[in-house]
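Student: Here it is: the structure, laid out below.
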Amino acid sequence: MQDLLDRLVADARVFAAKGSVAAYIPALAKIDPRLVGLALADRDGRVVESGATRIPFSIQSVSKVLSLSLVLESRGEEAVFSRVGRESTGDPFNSIIRLETSHLGKPYNPLINAGAIVVSSLLPGRTAVERLASLLDFVRSAIAASEDGRSAAVMVDEEVAASESATGFRNRSIGWFLKELGLVEGDVDEALATYFSQCAIRLDAASLARLGAVFAFDGVLPGGKRLLSTRTARIVKSLMMTCGLYDGSGDFGVEAGLPAKSGVGGGILAAAKGRFGLASFGPALDGRGNSVAGVAMLTALSRELDLFEL
Ligand code: GLN
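Residue numbers for the sequence shown follow our numbering, so the first one is -6 and each next one is one higher.
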């Protein structure tokens, strides 16, 4: 397994030159585009890894599956899906257009920005600080069960959060439009502050693979404790399969056949049912905001280990 990961990481280094880092959030532009890492976590929380897997990075939209999981557990399906749909869009992650034109009257799914901002407003807590704290607690409990003592701490990169808060005009427009539709719970600025901070959570690929394992094993942590109901894990995985890579979800589904969630920080979390949690890191992105090296490595890994879900 180690040899396989080493080979995939070595092969993926060429892809760093084929994409560009997310610069629309100024603080993200500082990352080295040549970094590449790949990690896999098994049922017992053991991690096999290669390359840049211990360098924490901004998880960005990968946080959307974490907040969705916690809100499904704490508030239930009705609270989420009365406000957000479950359909893919084929649009970019930050698109606003369907909010007004669609008959749905709500964001298409919780993994595009509009849906995720609604979900952020539903996290346990009254303020952005309280909601972020509940999400961080949840993430820590998901990782701690298999902590090997070397992994990076779960923290928020305040510089990245402030950088997105200062420049996230489109997300602010989306937030206010959602408020007008009656879909944001409470104060819209608190919901946006929660969203910007959760996107700025820093994790390394080894930790992200452990989070992937939570989904791969339908909510059960290493050691047997259940963190998520089977139903929550399955809902989130289904949405990852259909919407996790935005307007690249269909391509990735056909080629890699894995539920996955990407972020513009260069991370991708994926889950291979009953086998492994997976994570890739490579900050050079394609035009849809997905890691070029990550898509290539996960696709190759899925083929080599026959991880296709379907
Ligand atoms: N914080 C980013 C944004 O809202 C997340 C986008 C992403 O990772 N695809 O633009």
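From the three backbone atoms N, C-alpha and C, an ideal C-beta is built for every residue, glycine too.
(1) Ordered along the chain, which non-local residues of its own chain (more than five positions away) have a Cβ less than 6 Å from that of S43?
(2) Going by the CB atoms, is the gap between V285 and F8 shorter than 8 Å?
(3) Can we count S95 as close to the ligand GLN, meaning its CB is less than 7 Å from some heavy atom?
(4) Taking 7 Å as the cut-off, is the C-beta of E157 nearer than that to any heavy atom in the ligand GLN?
(5) Less than 8 Å between the C-beta atoms of F274 and T46, yes or no?
(6) Give me the DSSP bridge partner(s) of S255.
(7) For the alpha helix (DSSP H) containing L291, list its first residue and its last residue.
(8) Secondary structure at L63, three-state DSSP: helix, strand or coil?
(9) Please indicate yes or no: does the CB of S54 lie closer than 7 Å to some heavy atom of the ligand GLN?
(10) Quick check: does the Cβ of N329 come within less than 7 Å of any heavy atom belonging to the ligand GLN?
(11) Nearest by alpha-carbon distance to V225: which of G175, G280, F74 is it?
(12) How many angstroms separate the CA atom of R91 from the CA atom of P117?
(13) Specify, as a first and last residue, the run of the alpha helix (DSSP H) that V112 falls within.
(14) What is the DSSP secondary structure of M148, counted as helix, strand or coil?
(15) Looking only at its chain, what residues have a beta carbon closer than 7 Å to the beta carbon of C155, apart from the 5 residues adjacent to it on each side?
(16) Which residue marks the beginning of the alpha helix (DSSP H) containing F86, and which one marks its end?
(17) Output yes or no for whether 8 Å exceeds the beta carbon distance between G282 and A10.
(18) Taking only the alpha-carbon atoms, compute the straight-line gap between G179 and S114 and give it to the nearest angstrom.
Tutor: Taking the geometry as given:
(1) L(-2), D(-1), V2, L31
(2) yes
(3) no
(4) yes
(5) yes
(6) I261
(7) 285 to 298
(8) Helix, per DSSP.
(9) True, at least one ligand heavy atom lies under 7 Å from that Cβ.
(10) Absent from the model: residue 329. The displayed extent of the chain is -6 to 303, so no value can be given.
(11) Note that residue 225 is Thr in the sequence shown here, rather than Val. Checking every option, the nearest Cα to that of T225 belongs to F74.
(12) 28 Å
(13) 106 to 114
(14) strand
(15) Reading off the sequence, residue 155 comes out as Ala, not Cys. So the list is empty, once near-sequence residues are dropped.
(16) From DSSP, F86 is part of no alpha helix (DSSP H); its letter is neither H nor E.
(17) no
(18) In this structure, the straight-line span from the alpha carbon of G179 to that of S114 is close to 7 Å.
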